[in-house]
Structures are given as structure tokens and as C-alpha cells.
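Just below is one structure, and these are the notes that go with it.
Here is the structure:
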């Protein structure tokens, strides 16, 4: 009972966030990215529920745009990363060639270890003129796949050692058929959970490189709002809402997604 | 005796395996760096020329020529790609990465050397602290899993764990700069000359404390959560139940559980060093801590491409080296590796 209550609350918050991000922008009375559309530095009150920025943007509509872009970027990153992770993890866990297996495993492990942030920063820096949410998603995917790939590999290895695998093989069930009919359904559920984890990672990482000034700064994302708020010294000038509101939205989204992935993980574990 | 010989052979095999992994990681990382620098739409020599024009007047022609020559040697732009690759690797290994564009003609390696000790200090301090404290609290929370404190700690950790480093760092920065008026001044100070005086040590500790706190908060909660989960599964095993039935005290049981759940934590510490390093870069930048993170930000704002590639290359080598050292310690903690099964 308690778990289902938590699930309901999580899904409820998620629906609110998704509505805010994907349905609301269609009703925006003006392009929220444009400067000087509303009075500057207005605190959050009835007219501007989230306040306005120093350059005259309405933070309510701006953050709804930003949330849409951040989530889209995260979904794209997670999708590309999961595909690479599955491919390499499956090779590392499934192949019979021991040289191939060891090489791929070492490759995955070294990508887990290499500090991704400086690489991403240099990459984002050299492509900064072309940065769009899509390009950022592709750049983030270069490192996103490594950890899930490691987990796919160990999942495969443990599946191969289970008694049902031996029973099936000895009964004349081919390894390829085994892979598609028995392993894949299990792994896909598991991938769904790590998809949520990657989504979180990507949104956080975009915010991180944005704080270094290396996201698509003209296009609104949660990270770029935080960047501009810091550039304009918002909090020290008393315009705290410019920084606090995007941070609150981000934290709400990330904790909700984390809770969701935990609940989903428990559902799979229970099976 | 036979067991011991087998053991030392296994230890050697372990060391060699880890050494290969270290070399491979460095190789993959440096190759990635090379690909990143080649796949970029910007030409370093164009940046160089524009920087020279911007600073123009006080550079002598021979200095320009020397710099161009060095850039040509470093990037080997007229040679085929594999030669460029080899000379890049050679440059990184010999520490000859050319001059920094922004602080010309200081070699990039000198700037990195000045900052890296600060980063190592921050990383070492916060990683060791959060790992030890997180694991100890994690085991205790698992042994006393019914207590209220254990549950409360888990709630806090679960709220903190998914939040990105950068957010925690910004929030802490806001908190300290709004509550302690002095803090703003401390964070943004210039370089301090190292000396063996009390004031220097106090200065270092003041600078270290808040960035370290932000790293500790995030990684502590992650170690706590994984340790608690591990310890709970060990606690359910037969030998622990037997120990409890035998009437062994809580202290002994805690020790049993601790020793048996530490090993996976060491493996994951070695693998997550890169991730922790990322966090250190972020907090250093936010708190203006004089380490690699701030240097990287300076490199970005000054369009100092050389310095960026240098920081990138040595970060990879540094993290891989740290993981390698940690892997060598592993057999000291896991007797199964030493004595062979």
C-alpha cells in the first residue's frame, strides 16, 4: 500500500512537470527567450508567478521552455547512450571469443574511469558556435554509455550462469534464440530503469557544462538560466528567484525521476 | 609453500593485469583527447594568430616565429595524421605541451603543475573522508537497521544523492556567502605563496573547507547508500546469523559485516574516481578554489586551447594513476587474491 502511494505521488509530480514543459509552452503569450518583453527584476507575485529577470524575461514561461529543452536533451542522450551501452555490453557479456570479450570489457572500464567532464568541456568549447540541444545530447552520449554498458555486461554474465540457461542449452535451444527470447525481454526492462538514470545524469551534466558557459546559451535550458543568473550576480543583487527557481525545478525533476527509477527497479527485482 | 608460490604468482598476475588496464585507460583517454582536438571545427593555429594579434605590439617577431614553430612541432599540422598522433602522445608523455596562449610564454605544464597539488589536496581529503565516514555509517545503519536514526539518514542521503554536484555547490556557495559576509573575500583570493607558517596552513584549510564540504555531502550519501545495501545483504547471510546465535556481540557482528562488504566498495571507489574528479572541477570553479577546475575555466574564457588540452590529458593520466595505486592496495585487503582462492 505504502509503495503504491509513493508511486502515485511520483507519477503525479511527473505529470505536472511534463505538462509544464511540453503543453504550457504552446500557450506562451510571447517568445520567452526575447529580452525586454516584461518589466525587469520583478519579484514572484501574481502577475509574474516566478518573477522576471534583469534582461526582462518572464521566468515562468522561460523555465517552461527551458524544462522542455532540458528534458528533450536528456531523453535524446539517454536513448543514444543506452543503444551504445546495450551493443557493447552485449558483446562483452555474450561473445565466445575471449580476446574480443576482454578487449571490449577493458574498453568499457576505461571509459568509466576517464573523467568525462574535462573532455566534454573541451568538446563543447570547440563546437560552441554550433551548440544546440541536439548537439549537446550527442556530445554527452560519448560518456553516458559507459556505466550502463558495464552493468549490461555483468547482467549478461550472470544470466549465462543461471540454471535455466544450461537447461535450455542442453535441451537444444540455440544460443541466438536464447538471447532473443529469454535474455532480451529481461534486459529491456532493466534498460528502462537505467534509461531514467541516464536521463538524470544528462540533465545534470548539461547544467554542469552550462555553468561553465558551454551550453547553447541562446536557447533556454535549465543550465543556461542558471548560467545567466550567475553571470548577472542575481543573488548578490537580491534577485534570488532568478537562480533559486530553476534550481528548485531541476531538483524536483531529478528527485522525481530518481524515485521513479527506484520504484521501477523494485518492480523488476520483485519479478 | 605451494599455496604461497601460487599466491605470489597470482599477485603478480593481478599487478600486471592492473598495469595493462592503467596503460590502456591512458591510451584510450589520450586517443580520445587527440580525436577531440582533431574533430573540432576550430584551427588552433588560427586561435594562436588571433591571440598574437590581440596582444600584438609587445611580441617580437622572433617570438612569434618561435611560437609558430612550437605549434607546428606540437600539432605537426603539415604531417600525416598518424605522425601528428604520435607527436601528440610524445608531447604529453614528455610534458612538452607547448606554451599557454593566455599566459604566453609560460609553458602549459607549469600552470598545470601549480594547480594540480591543490586539486589533489581537495580530492584526496574529501574522497578519503567521505569514503570512510560513508562506509562506517552505512554498516552501522545496516546493523541497527531498525533504529530511527538509520531511517532518517537514509532519507537524507536519498534526497542528496541524485542531485548533481554543481547544484549542491551553488547552494552551499549561496548559503555561505549570504550568512558569512567574510566568505566572499576568502573564496576569491589570489594565489598564496606556499610556506611553512601557521597562517599559510590556516589559509589553505579555509579555502579547502567549503569546496570539500560540497564534495563530501554528495559522495558521502552515495557511499552510505551503497554500503548500507551491501551490508544488509551480507547481514542476511548464514555466517552472520550463526554469529548472532553464537551470542557474539554487536561489535563483532559489525566487524564481520564490515570486512565482507568493503571489497566491492573499494572496486567502485577505484572506478568512480573519474566521476569524483568531475565534481572537484565543478566545485573548484564555483568556489574559486585555485585548482584545475578554475584553471580550466580560465582557459575557456581566454580561449586557451593548449591549456585545455593539457588539463584534459593530465586529468586522465592522474585519475588512471590513482585508480592503479588503489588497485595495488586491493590484495592487501582481500586475502583471497594473495593466497589464490
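Residue numbers (the working numbering), protein chains in the order written: chain A, 1 to 271; chain B, 1001 to 1341.
Backbone N, C-alpha and C fix where the C-beta goes; we use that ideal spot for every residue, glycine too.
- Just measuring C-alpha positions, the residue of B:1321, B:1116, B:1079, B:1220 sitting nearest residue 1291 of chain B is B:1116.
- Measuring C-alpha to C-alpha distances from residue 1263 of chain B to each of B:1231, B:1158, B:1153 identifies B:1231 as the nearest.
- For residue 258 of chain A, the neighbours in chain B by C-beta distance under 7 Å run, in chain order, 1162.
- The DSSP assignment places no complete beta strand (DSSP E) segment of no fewer than 3 residues inside the stretch 1093-1131 of chain B.
- For the C-beta of residue 1095 of chain B, not a single chain A residue is nearer than 7 Å; the gap to the nearest is close to 18 Å.
- Against chain B, a Cβ distance below 9 Å from residue 125 of chain A picks out 1040, 1042, 1299, 1300, 1303, 1305, 1308.
- DSSP places residue 58 of chain A within a strand segment (E or B) once states are collapsed to three.
- For residue 1255 of chain B, the uninterrupted alpha helix (DSSP H) run begins and ends at 1250-1286, by DSSP.
- Listed along chain A, no residue sits closer than 8 Å to residue 1253 of chain B by beta-carbon distance, the nearest being about 26 Å off.
- Taking C-beta atoms under 8 Å as the contact rule, residue 1210 of chain B and residue 1130 of chain B fail to qualify, at a distance of about 15 Å.
- Under the DSSP definition of a beta bridge, residue 221 of chain A lacks any partner.
- A direct Cα-to-Cα measurement between residue 1023 of chain B and residue 232 of chain A gives close to 44 Å.
- Rounded to the nearest angstrom, the gap between the Cα atoms of residue 206 of chain A and residue 246 of chain A is 13 Å.
- Not a single CB atom of chain B sits nearer than 7 Å to the CB of residue 98 of chain A.
- Interface criterion met: the Cβ of residue 1311 of chain B is under 7 Å from a Cβ in chain A.
- Interface criterion not met: the Cβ of residue 156 of chain A is under 7 Å from no Cβ in chain B.
- Just so you know, the alpha carbons of residue 1322 of chain B and residue 1124 of chain B end up roughly 10 Å apart.
- Taking a 10 Å sphere around the C-beta of residue 15 of chain A, we find fewer than 16 other C-beta atoms and assign the residue as exposed.
- For residue 52 of chain A, DSSP records a beta bridge to A:58.
- Uninterrupted alpha helix (DSSP H) stretches at least 4 residues long and entirely within the stretch 96-164 of chain A occur at 98-113, 116-126, 133-144, 146-161, given in chain order.
- Distance from the Cα of residue 1227 of chain B is smallest, within the candidate group B:1100, B:1257, B:1101, B:1091, for B:1257.
- Here residue 1297 of chain B is not near residue 1305 of chain B, since their CB atoms are 7 Å or more apart.
- Apart from sequence neighbours up to five positions away, the residues of its chain that approach residue 81 of chain A with a beta-carbon distance below 6 Å are 141, 144, 145, 198, ordered along the chain.
- In this structure, residue 202 of chain A keeps its C-beta atom at 7 Å or more from the C-beta atom of residue 66 of chain A.
- With respect to the C-alpha of residue 1109 of chain B, the residue from B:1312, B:1173, B:1233 having the closest C-alpha is B:1312.
- Under the three-state reduction of DSSP output, residue 1041 of chain B falls in the coil class, being neither helix nor strand.
- Residue state for residue 16 of chain A is assigned as helix, using DSSP reduced to three classes.
- A distance below 8 Å between beta-carbons, with the five flanking residues on each side excluded, links residue 1097 of chain B to the following residues of its chain, in chain order: 1074, 1091, 1107, 1108, 1109, 1306, 1309, 1310, 1313.
- With its beta carbon less than 7 Å from one in chain B, residue 117 of chain A belongs to the interface.
- Residue 1210 of chain B: member of the alpha helix (DSSP H) spanning 1198-1235, first to last residue.
- Close CB contacts of residue 11 of chain A within its chain, under the 8 Å cut and outside five residues either way in sequence, are with 260 (chain order).
- Collapsing the DSSP output to three states places residue 1022 of chain B in a helix.
- In this structure, residue 1253 of chain B lies away from residue 1169 of chain B, with their beta-carbon atoms at least 7 Å apart.
- If you check each beta-carbon in the stretch 72-88 of chain A against every beta-carbon of chain B, none falls closer than 9 Å.
- Residue 1302 of chain B sits in coil when the DSSP states are folded into three classes, being neither helix nor strand.
- Counting C-beta atoms within 10 angstroms of its own C-beta, residue 1086 of chain B has fewer than 16 neighbours from the protein chains shown and is therefore classed as exposed.
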